[in-house]
Amino acid sequence: MVIDTSLFIEHLRAKDKSKTKLYGIANNRELFVSAVSIYELYMGATTDEKRRDVEYLTDELPLATLNRKHFNRIPELIIVDV
10 MVIDTSLFIE HLRAKDKSKT KLYGIANNRE LFVSAVSIYE LYMGATTDEK RRDVEYLTDE
70 LPLATLNRKH FNRIPELIIV DV
């Protein structure tokens with residue numbers, strides 16, 4: 010299942026992560042995040058703490074792209090040129 014940015018945002022903002030919709034649908038499902046969502050999450054992360062939260066959710070997810078320059082500003086992102 011591909012997860013929309015709004016579900017990640019709700020999860021990141023919640024004090025009790027176990028009550029979020031993302032937490033609820035993650036049970037026994039393989040979840041995916043689009044390149045657009047990764048970009049939106051990083052661009053919306055205005056503090057180091059928020060960036061770390063995004064990195065935790067997207068840790069080690071490689072991104073295949075034809076446009077490396079849009080994603081070069083995201084530290085630690087594994088970019089695969091195709």
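With our numbering, the residue at position 37 of the sequence shown is 46, and numbering never jumps. Don't be surprised by glycine CBs; every beta carbon is placed ideally from N, CA and C.
Practice problem: Please say whether ILE12 and LEU40 have beta carbons closer to each other than 8 Å? | Solution: For the purposes of this step, residue 40 is identified with residue 31 of the sequence shown, where counting begins at 1. For the purposes of this step, residue 12 is identified with residue 3 of the sequence shown, where counting begins at 1. Yes, they are a contact pair.
Quiz item: Taking the C-alpha atoms as reference points, what is the distance between LEU86 and THR55?
Solution: To locate residue 86, count along the sequence shown from 1; it is residue 77. To locate residue 55, count along the sequence shown from 1; it is residue 46. LEU86 and THR55: Cα-Cα distance of roughly 17 Å.
Quiz prompt | Between the CA atoms of MET52 and HIS79 - distance to the nearest angstrom | solution = The sequence position of residue 79 within the sequence shown is 70, counting from 1. The sequence position of residue 52 within the sequence shown is 43, counting from 1. Taking the straight line joining both Cα atoms gives about 11 Å.
Exercise. Look up PHE17 in the DSSP assignment and say whether it is helix, strand or coil.
Key: Taking the first residue of the sequence shown as 1, we reach residue 17 at position 8. In the structure shown, PHE17 sits in a helix (DSSP, three-state: H, G or I).
Quiz item: Using the rule of at least 16 other Cβ atoms within 10 Å of the residue's Cβ for burial, across every protein chain shown, is VAL89 buried or exposed?
Solution: Counting from one through the sequence shown, the residue named residue 89 turns up at place 80. Burial call: exposed.
Quiz item: Cβ of SER46 within 8 Å of Cβ of THR74?
Solution: Walking along the sequence shown from the start, residue 46 turns up at place 37. Walking along the sequence shown from the start, residue 74 turns up at place 65. Not closer than 8 Å, so no.
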